[in-house]
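Novice: I'd like to ask some things about the structure below.
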Amino acid sequence: MNLKFLSALLFSIGILDSSYLLYEHYLLLFSLPYCPVNSCEIPELPFPSFILPLFGLLWFLAGATLFYLRIRNSLLRLWQISGVVGALSLFTYSVLISYFCPYCYLAHACGLILVLISLKLT
């Protein structure tokens with residue numbers, strides 16, 4: 014499969030997934046949560062729950078911009094490092110507190126694969 018097509022597909026999935034998570038977590042501030050897999054009850058956090066999906070959405074949008082404008086400098090390296098550190102730390106934290114969120118894991122996987130693709134293309 015063409016890496017550019019795969020990256021476009023993964024960016025699209027990541028943006029849609031993060032947008033959905035942002036919408037769901039933002040609604041938690043105003044109403045009862047809805048999750049089709051009944052596993053999105055989030056634990057107490059010291060900050061509003063919509064912050065994490067907002068960061069994820071911004072990360073995917075920044076990556077798509079860097080990737081398609083062919084920016085290959087320290088900004089790309091910062092994007093790669095923040096993606097790996099963010100995805101692995103959030104995944105580890107969710108495992109440690111026994112929090113199961115397939116939508117979160119989808120975003121983490123898309124992000125890690127996108128970082129690997131960007132490393133291969135640079």
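Using the numbering used here, the letters of the sequence shown correspond one by one to residues 14 to 135. No residue lacks a Cβ here, since even glycine has one placed at the ideal position from N, Cα and C.
What's the C-alpha gap between His38 and Tyr118?
Specialist: If you draw a straight line from the Cα of His38 to the Cα of Tyr118, it is about 15 Å long.
Novice: Beta-carbon within less than 8 Å of Gly96's beta-carbon, same chain only, minus the 5 sequence neighbours each way: which residues are those?
Specialist: Trp72, Gly76, Gly124, Leu125, Leu127 and Val128
Novice: Less than 7 Å between the C-beta atoms of Leu144 and Trp92, yes or no?
Specialist: What the structure shows of the chain is the stretch from 14 to 135, and residue 144 is not part of that stretch, so it cannot be assessed.
Novice: In this structure, does DSSP put Ser111 in helix, strand or coil?
Specialist: Residue state for Ser111 is assigned as coil, using DSSP reduced to three classes.
Novice: Does the separation of the CB atoms of Thr135 and Arg83 fall below 7 Å?
Specialist: no
Novice: Output the distance between the C-alpha atoms of Lys133 and Thr105, rounded to the nearest integer angstrom.
Specialist: 25 Å
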